[in-house]
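> The opening residue of the sequence shown carries number 203 in our numbering; numbering runs sequentially from there.
One structure follows; several queries about it will come next.
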Amino acid sequence: AAMVLWQIHTLDHLDTSGFGRPFPRHGLQLLFWFSNHCVTFEPENSADVMKLVSGCQPENGAYGFHRFGNMEELLPALHKPKKNKSTRQLVYFVVGNLSIQSYPQSADLPAFVRENLGADGVSNSDRIIISYQVKTRLVDKVYVTEHDDADAGRFRSDGTHEVSSQLIRLLQNPQLDLSSLLTQMGY
Numbered sequence: 203a204a205m206v207l208w209q210i211h212t213l214d215h216l217d218t219s220g221f222g223r224p225f226p227r228h229g230l231q232l233l234f235w236f237s238n239h240c241v242t243f244e245p246e247n248s249a250d251v252m253k254l255v256s257g258c259q260p261e262n263g264a265y266g267f268h269r270f271g272n273m274e275e276l277l278p279a280l281h282k283p284k285k286n287k288s289t290r291q292l293v294y295f296v297v298g299n300l301s302i303q304s305y306p307q308s309a310d311l312p313a314f315v316r317e318n319l320g321a322d323g324v325s326n327s328d329r330i331i332i333s334y335q336v337k338t339r340l341v342d343k344v345y346v347t348e349h350d351d352a353d354a355g356r357f358r359s360d361g362t363h364e365v366s367s368q369l370i371r372l373l374q375n376p377q378l379d380l381s382s383l384l385t386q387m388g389y
């Protein structure tokens, strides 16, 4: 089954998606953190590519990042590159589980991401998943998703969206602080 995921390009799209709401969910804060503290844009072959900053290393479990197996085919399958191109292998990593028991390094996420955890017991549902080349630090795609309350282990396909690099740039705008983002999103 080929999935067509809705792409979020603008703050209006983000608003419409409903991602990270209502309070006390943490997805908007997580996305703001990821955009401003993990990702940088670097020029490469006349286009800008997304790379992770050196302090954000999913392969080392930073911030609670861990491999995402995509067993339920929530996201497109990642193809194995040809042998001589193995550095180009993309791997899915997921971040956003605030459980320190499960992912101790999630404690390193800033307070503004973690602060509402436990306010209602179900506020730990939001995640960011990236497809990532470990060797080159290249981020190919960014997705937001949420756990299905009815089925704790699964993510909701209707709550899963691709986030465009355009949106990440908007979130990196120094004029946009987190509180104004949350206000715009009716959080």
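Even glycine gets a Cβ: it sits at the ideal position worked out from N, Cα and C.
Predicted model only: the values in this text are computed from it and were never measured.
#1: As a quick exercise: from G229, M387, P376, H211, pick the residue whose alpha carbon is nearest that of V297.
#2: For T397, which residues of its own chain have a beta-carbon under 8 Å away from its beta-carbon, when the five flanking residues on both sides are left out?
#3: According to the neighbour-count rule (16 or more other Cβ atoms, all chains shown, within 10 Å of its Cβ), is A203 buried or exposed?
#4: Would the region 327 to 337 count as touching the region 230 to 244 if we require 3 or more Cβ pairs under 8 Å?
#5: Kindly indicate the opening and closing residues of the beta strand (DSSP E) around Q396.
#6: Roughly how many angstroms lie between the CA atoms of M387 and F225, to the nearest whole one?
#7: Please say whether W235 and E364 have beta carbons closer to each other than 9 Å?
#8: From the DSSP secondary-structure annotation, give me the bridge partner or partners of E244.
#9: Sorted by chain position, which residues of the same chain lie with C-beta nearer than 8 Å to F357's C-beta, five sequence neighbours on each side aside?
#10: Could you pull the DSSP bridge partners for T385 from this structure?
#11: What does the alpha-carbon distance come out to for the pair A309 and V255?
#12: Keeping to the same chain, check which residues put their C-beta closer than 6 Å to that of D217; ignore five residues upstream and five downstream.
#13: Give the secondary structure of Q209 by DSSP, where H, G and I count as helix, E and B as strand, and everything else as coil.
#14: Identify whether R316 lies in helix, strand or coil by the three-state DSSP scheme.
On the basis of the coordinates in this document:
#1: Taking the sequence shown and counting its residues from 1, one reaches residue 297 at position 95. Comparing Cα positions, the closest option is G229.
#2: Because residue 397 is not part of the residues shown, which for the chain are 203 to 389, the question remains open.
#3: To locate residue 203, count along the sequence shown from 1; it is residue 1. Reliability of the predicted coordinates at A203 is poor, the pLDDT of 45 falling under 50, and the value obtained from them is presented with this limitation in mind. With fewer than 16 other Cβ atoms within 10 Å, it is exposed.
#4: yes
#5: Because the chain spans 203 through 389 in this model, residue 396 falls outside it and cannot be assessed.
#6: Along the sequence shown, one-based indexing puts residue 387 at 185. Along the sequence shown, one-based indexing puts residue 225 at 23. Each residue's Cα considered, the two are about 11 Å apart.
#7: By 1-based counting over the sequence shown, the position of residue 364 is 162. By 1-based counting over the sequence shown, the position of residue 235 is 33. Against a cut-off of 9 Å, the Cβ pair of W235 and E364 comes out as no contact.
#8: Within the sequence shown, numbered from 1, the residue matching residue 244 stands at position 42. Per DSSP, V251.
#9: The count along the sequence shown starts at 1 and reaches residue 357 at position 155. Closer than 8 Å at Cβ, skipping near neighbours: E274, L276, R329, T347, E348, H349, D350.
#10: Looking up residue 385 in the sequence shown gives position 183. According to DSSP, which records beta bridges pairwise, T385 is partnered with nothing at all.
#11: Here residue 309 corresponds to residue number 107 of the sequence shown, with the count starting at 1. Here residue 255 corresponds to residue number 53 of the sequence shown, with the count starting at 1. A309 and V255: Cα-Cα distance of roughly 19 Å.
#12: Position 15 of the sequence shown, counted from the start, is the residue given in the question as residue 217. Contacts found: M387.
#13: Taking the sequence shown and counting its residues from 1, one reaches residue 209 at position 7. Looking at Q209 - three-state DSSP - the assignment turns out to be strand.
#14: For this step, residue 316 is matched to residue 114 along the sequence shown. Three-state result, R316: helix.
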